[in-house]
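Numbering-wise (the working numbering), the sequence shown opens with residue 1397 and increments by one.
Even for Gly, the Cβ is constructed at its ideal location relative to N, Cα and C.
Owing to the predicted nature of the structure, the values given are computational and were not obtained by experimental measurement.
Structure, as structure tokens:
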Amino acid sequence: QYGDVDSATRLFSSTANKSNYIYTAMFKGLISNNMAEKVFDLLDEMEIKPGSFTLAILFKACAELANDRAIKIGRKLLDEMPENYRNDVVVLNSAMYMLMKFGDIQSAERIFRSIKAKGANIYGALMNGYNLNGESWKCFKIFEEMKEKD
């Protein structure tokens, strides 16, 4: 977080039994230091399944890069996402953001529609995605739907 990626990498490498928490901290540090590509290198070495918060951070890394490798990894993570994460608003919000960054509006909308209890953050994620993809006019429809829910 403070820019000393080398020290963090040494500490990470010296840790024997890496937990999701350790991976998540390292991933977040790499992303905040504009090194999202290195997140994918670590993911390849990861010997445990990503937890929900780790998965949300991985979706963020994919969104940050939105290159061919990121798109492939992001879609694979989404396809293999455990069923119990499909109700996790933090994970789904991050997945929607990633898909919108990929320009895949339809998949993001599918996730949006699958969420039963939509909070303002979920509506906001969809509206931000529409703006990002030049479909601002759809925000009005979503805003009206949001008002009806209240």
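DSSP places Ala1421 in the helix class (H, G or I) of the three-state scheme. In the DSSP annotation of this structure, Ala1513 is not part of any alpha helix (DSSP H), being labelled neither H nor E. Counting along the chain, Asp1500 sits inside no alpha helix (DSSP H), nor does DSSP assign it H or E at all.
Using a Cβ distance threshold of 9 angstroms, Leu1495 and Gly1525 count as a contacting pair.
Taking C-beta atoms as the reference points, Ala1504 and Ala1491 count as a pair closer than 9 angstroms.
Assignment of Asp1464 by DSSP, reduced to helix, strand and coil, places it in the helix class. Less than 9 angstroms separates the beta-carbon of Phe1436 from that of Ile1469. Excluding sequence positions up to five before and after Phe1408, its CB lies within less than 6 angstroms of the CB of Met1422, all in the same chain and listed in chain order.
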